[in-house]
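Engineer: First residue of the sequence shown: 1, per UniProt numbering; consecutive thereafter. Each residue gets a CB set at the ideal place from its N, CA and C atoms; glycine is no exception. These numbers were taken from a predicted model, which means no experiment stands behind them. Following this message is one structure expressed as structure tokens.
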Amino acid sequence: MDVRRLRVSELKEELGRRGLDTRGLKAELAGRLHAALEAEQARGASGSGSDGESLSDGHCKRAREERRTRRGAWVGKHGSREAGDRGRALCFLSQPAWQAASLSVCLKRVYGSSICCLSSRGRSPQPPAEDDEDDFDDSLVAIDTYNCDLHFKVARDRYSGYPLTIEGFAFLWSGARATYGVRRGRVCYEMKINEEISVKHLPPTEPDPHVVRIGWSLDSCSTQLGEEAFSYGYGGTAKKSTNCKFENYGETFSENDVITCLVDFECGDDVEMSFMKNGKWEDTFFPVPPGFTFIQHLPLSERVRGTIGPKNKRECEILMMVGLPAAGKTTWAIKHAAANPAKKYNILGTNAIMDKMRVMGLRRQRNYAGRWDVLIQQATQCLNRLIQIAARKKRNYILDQTNVYGSAQRRKMRPFEGFQRKAIVICPTDDDLKDRTIKRTDEEGKDVPDHAVLEMKVIMCDIIIYIWDGDALHLQLSWFISILFISLSPAFVIFINKVTDISNAPSSSCFPPNNHPVR
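Listed below in structure tokens is the structure:
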């Protein structure tokens, strides 16, 4: 095979067939494929075995039967050491290929005729960490790089910033907080809108493509200003809002306007908030009313420091949700984040992204005139970009997707090397899953095909090793330091048996005849 003569699509096809990364420029793809071909030739010359695709059907069949035998023997022996060892024997299905230097295993999926090969490959370069900010004076009042959205870019001086607007990011709200807050006195700060970023790729029907909100909120609130309790905002459309209740207030403001935001703790039992707008764009500052002090001029003892982020990646957590569609992953993630406010979990998922695509506090799907599937596709693109950004920042994350495929787990966890990588597996009973699926379809309109759910059940049974330990289940996989199973019940063993029965059934009885096997 002459790698130099292959087109980009052909290079990606060959790389995908070998389980390698298909992202990058043509030169990078060609180099990656060339290295893989050399490695295959070296293995063939040393007599270590032929390539996975040349394995005989009989060999794959014996491997499959052996795997079924081990799995069937384990299901009834939760507590024995032997059961754990047999379960662990399946671990090669999910071992990161870069940790198995000589691993080349071929498996034939029970639901299709395609052969999937896990071959050894070099480790992909890790994303660079964000700039070291240890030299920044923490006593200054500035934009908090830890207490802002991932898609909000903060300038190096920490006194200005802007949201990402490429592709679907233009539909999202993004916000940031200052490093310090207050709880007494009469305090104010100012904000100037320097520029309205071009968003020509938005549809012409998009209402108010350039809007800014300014205000106050508790440190425990989200960055969606004015859309929850104890979060108060004044928007450029002349609206004030709190807890998603919008009312007419003041004047509109836009590019080159300076808005002064004031809070008064000394007006009695209530806290009074007010906003001021200068009507002339050339004014640099708006005069401060008598008795008010800019927050940066307050003594350090009178300010309240916002939540301080982890000092290094070893202190950061990423929780990967694993489970079938509508299993309850998003619900658990939201509750867990609310129960641990000090960790300020950033939830990474399409649901979280869609929740930031609000119009006047309402979810966009209720008043979106365009194609809904296009918006979902853009949300997925935003999520992929946010995951890349997240790996470079020292924060705590919850990755809210199905994540049932071993290849997806490896690909998504690889950039987070150095983090405390944990998995949360949601395991509802069949009845609970049906009820949650109906509820989600009614509320969100999502409808995942049955054959896709069955595929995921098969994969979960194939690549996840269950080890019974008292009242809990833990999963031993090399890229996770711990795995926790949620929503367990006595019916869970029955659920495992049902999945096992599905995976042992002929492929034609589980999936449509034209269904493509999962790579």
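Grab the span of the alpha helix (DSSP H) containing Gln409 for me, first residue to last.
Structural biologist: The residue given as residue 409 occupies position 409 in the sequence shown. It spans 406-413 - the alpha helix (DSSP H) in which Gln409 sits, taken as one unbroken run.
Engineer: If you draw a straight line from the C-alpha of Leu362 to the C-alpha of Leu218, how long is it?
Structural biologist: As a first step, residue 362 must be located in the sequence shown, where it is residue number 362. As a first step, residue 218 must be located in the sequence shown, where it is residue number 218. When rounded, the distance between both Cα atoms is 22 Å.
Engineer: To the nearest angstrom, how far is it from the Cα of Tyr189 to the Cα of Gly161?
Structural biologist: For the purposes of this step, residue 189 is identified with residue 189 of the sequence shown, where counting begins at 1. For the purposes of this step, residue 161 is identified with residue 161 of the sequence shown, where counting begins at 1. Taking the straight line joining both Cα atoms gives about 16 Å.
Engineer: Who are the Cβ neighbours of Glu10 in its own chain at under 6 Å, not counting the five residues just before and after it?
Structural biologist: Numbered from its first residue, the sequence shown carries residue 10 at position 10. Within the same chain, Glu10 has no close Cβ partners at all.
Engineer: Select from Cys261, Thr350, Ala423 the residue whose C-alpha is nearest the C-alpha of Glu317.
Structural biologist: Numbered from its first residue, the sequence shown carries residue 317 at position 317. Minimum Cα distance to Glu317 is reached at Ala423.
Engineer: What is the C-beta distance between Asp257 and Ile193, in whole angstroms, given that I count them as a contact (C-beta under 8 Å)?
Structural biologist: Position 257 of the sequence shown, counted from the start, is the residue given in the question as residue 257. Position 193 of the sequence shown, counted from the start, is the residue given in the question as residue 193. Contact holds; Cβ gap of about 6 Å.
Engineer: Given a cut-off of 8 Å, decide if Gly233 and Thr252 are closer than it, judged by their beta-carbon atoms.
Structural biologist: Within the sequence shown, residue 252 is the residue found at index 252, counting from 1. Within the sequence shown, residue 233 is the residue found at index 233, counting from 1. Not a contact, by the Cβ cut-off of 8 Å.
Engineer: Between the region 393-401 and the region 328-336, do at least 3 Cβ pairs fall closer than 8 Å?
Structural biologist: yes
Engineer: Please go through the same chain and pick out, in chain order, the residues whose beta-carbon is closer than 6 Å to the beta-carbon of Arg67, but skip the five residues on each side of it.
Structural biologist: Within the sequence shown, the letter at position 67 stands for residue 67. With a pLDDT of 42 at Arg67, under the threshold of 50, the modelled position of this residue cannot be trusted; read the value that follows with caution. Closer than 6 Å at Cβ, skipping near neighbours: no residue.
Engineer: Is DSSP giving Ala342 helix, strand or coil here?
Structural biologist: Residue numbering aside, residue 342 sits at position 342 when the sequence shown is read from its first letter. Three-state result, Ala342: helix.
Engineer: Along the chain, where does the beta strand (DSSP E) that runs through Gly398 open and close?
Structural biologist: Against the sequence shown, residue 398 aligns to sequence position 398. Looking at the sequence shown, residue 398 is not Gly but Ile. From DSSP, the beta strand (DSSP E) with Ile398 extends over 397-399.
Engineer: Do you know offhand how far Ala30's Cα is from Arg17's?
Structural biologist: Numbered from its first residue, the sequence shown carries residue 30 at position 30. Numbered from its first residue, the sequence shown carries residue 17 at position 17. Each residue's alpha carbon lies about 14 Å from the other.
Engineer: Kindly indicate which residue of Ile143, Val322, Glu38, Thr293 has the alpha-carbon position closest to the one of Leu484.
Structural biologist: Within the sequence shown, numbered from 1, the residue matching residue 484 stands at position 484. Checked all of Ile143, Val322, Glu38, Thr293; the closest Cα to Leu484 is Val322.
Engineer: Does Cys267 come out as helix, strand or coil in the three-state DSSP assignment?
Structural biologist: Within the sequence shown, residue 267 is the residue found at index 267, counting from 1. Reduced to three states, the DSSP call for Cys267 is coil.
Engineer: Quick one: what does DSSP say Ser9 is sitting in, helix, strand or coil?
Structural biologist: Counted from its first residue, the sequence shown places residue 9 at position 9. Residue state, collapsed to three classes: helix.
Engineer: Could you say which of Pro415, Arg314, Gly175 lies nearest to Gly215 if we only look at CA atoms?
Structural biologist: The count along the sequence shown starts at 1 and reaches residue 215 at position 215. Closest option to Gly215, Cα to Cα, is Gly175.
Engineer: Tell me, please, whether the region 300-310 touches the region 404-411 by the rule of three or more beta-carbon pairs shorter than 8 Å.
Structural biologist: no
Engineer: Let me check understanding here. Comparing Cα to Cα, which of Thr179, Ala327, Leu150, Ala170 lies closest to Asp144?
Structural biologist: Taking the sequence shown and counting its residues from 1, the one referred to as residue 144 is at position 144. The candidate whose alpha carbon is nearest that of Asp144 is Thr179.
Engineer: Quick one, which of Asn403, Glu443, Pro428 has its alpha-carbon nearest residue 560's?
Structural biologist: As shown, the chain starts at 1 and ends at 519. That puts residue 560 outside it, with no answer to give.
Engineer: For Ala337, collect the residues of the same chain with a Cβ closer than 7 Å to its Cβ; drop the 5 residues on either side in sequence, then sort them by chain order.
Structural biologist: Mapped onto the sequence shown, residue 337 falls at position 337. Once the five neighbours on either side are set aside, the close Cβ partners of Ala337 are Tyr345, Ile347, Ile398.
Engineer: Run through DSSP, which three-state label would Ala27 get?
Structural biologist: Stepping through the sequence shown from its first residue, residue 27 is reached at position 27. Correct three-state label for Ala27: helix.
Engineer: Confirm, please, whether the CB-CB distance from Glu196 to Arg358 is below 8 Å.
Structural biologist: Here residue 358 corresponds to residue number 358 of the sequence shown, with the count starting at 1. Here residue 196 corresponds to residue number 196 of the sequence shown, with the count starting at 1. Taking 8 Å as the Cβ cut-off, Arg358 and Glu196 do not qualify as a contacting pair.
Engineer: Quick one: residues in its chain with C-beta nearer than 6 Å to the C-beta of Tyr146, no 5 flanking neighbours on either side, listed in chain order?
Structural biologist: Within the sequence shown, residue 146 is the residue found at index 146, counting from 1. Only Gly309 meet the Cβ criterion.
Engineer: Since Leu383 contacts Gly328 with CB under 8 Å, what's their CB separation in whole angstroms?
Structural biologist: To locate residue 383, count along the sequence shown from 1; it is residue 383. To locate residue 328, count along the sequence shown from 1; it is residue 328. Actually they are not in contact, since the Cβ atoms of Leu383 and Gly328 sit about 19 Å apart, beyond 8 Å.
Engineer: Along the alpha helix (DSSP H) that carries Arg440, what are the first and last residues, could you check?
Structural biologist: The sequence position of residue 440 within the sequence shown is 440, counting from 1. Arg440 -> alpha helix (DSSP H) spans 430-444.
Engineer: Please return the same chain residues whose Cβ sits closer than 6 Å to the Cβ of His34, not counting the five positions on each side in sequence.
Structural biologist: Sequence index remark: in the sequence shown, residue 34 carries index 34 (1-based). Cβ neighbours of His34 beyond the five flanking positions: Val3.
Engineer: Is Ile259 buried or exposed, if buried means 16 or more other CB atoms sit within 10 Å of its CB?
Structural biologist: Against the sequence shown, residue 259 aligns to sequence position 259. With 16 or more Cβ atoms within 10 Å of its Cβ, Ile259 is classed as buried.
Engineer: Once you ignore the five residues that flank Met1 on each side, which residues in its own chain have a CB closer than 7 Å to its CB?
Structural biologist: Here residue 1 refers to the residue found at position 1 when the sequence shown is read from its first residue. Excluding residues within five positions, the ones whose Cβ falls inside 7 Å are Leu37.
Engineer: Provide the residue(s) that pair with Ala423 in DSSP beta bridges, ordered along the chain.
Structural biologist: Within the sequence shown, residue 423 is the residue found at index 423, counting from 1. Ala423 is bridged to Met320, Ile483.
Engineer: If the criterion is Cβ atoms closer than 8 Å, does the pair Gly168 and Thr293 meet it?
Structural biologist: Position 168 of the sequence shown, counted from the start, is the residue given in the question as residue 168. Position 293 of the sequence shown, counted from the start, is the residue given in the question as residue 293. No, the Cβ-Cβ distance between Gly168 and Thr293 is not below 8 Å.
Engineer: Between Ala390 and Phe416, what straight-line distance do the alpha-carbon atoms span, to the nearest angstrom?
Structural biologist: In the sequence shown, residue 390 corresponds to position 390, counting from 1. In the sequence shown, residue 416 corresponds to position 416, counting from 1. C-alpha separation (whole angstroms): 9 Å.
Engineer: Applying the 10 Å Cβ sphere with the 16-neighbour rule, what's the burial state of Glu13?
Structural biologist: Translated into positions along the sequence shown, residue 13 becomes position 13. Exposed.
Engineer: Alpha carbon to alpha carbon, what distance is there between Met191 and Phe171?
Structural biologist: Position 171 of the sequence shown holds residue 171. Position 191 of the sequence shown holds residue 191. Cα to Cα, the separation comes out at about 22 Å.
Engineer: So the beta strand (DSSP E) Asp355 belongs to, where does it begin and stop?
Structural biologist: Translated into positions along the sequence shown, residue 355 becomes position 355. Run containing Asp355: none in the beta strand (DSSP E); it sits in the alpha helix (DSSP H), 350-355.
Engineer: Can you tell me whether Asp355 is buried or exposed, with buried defined as 16 or more other CB within 10 angstroms of its CB?
Structural biologist: The residue you call residue 355 lines up with position 355 of the sequence shown. Buried, since its Cβ has 16 or more Cβ neighbours within 10 Å.
Engineer: Using the three-state DSSP reduction, which class does Phe294 fall into: helix, strand or coil?
Structural biologist: For the purposes of this step, residue 294 is taken as residue 294 along the sequence shown, with counting starting at 1. In this structure, Phe294 counts as strand in the three-state DSSP scheme.
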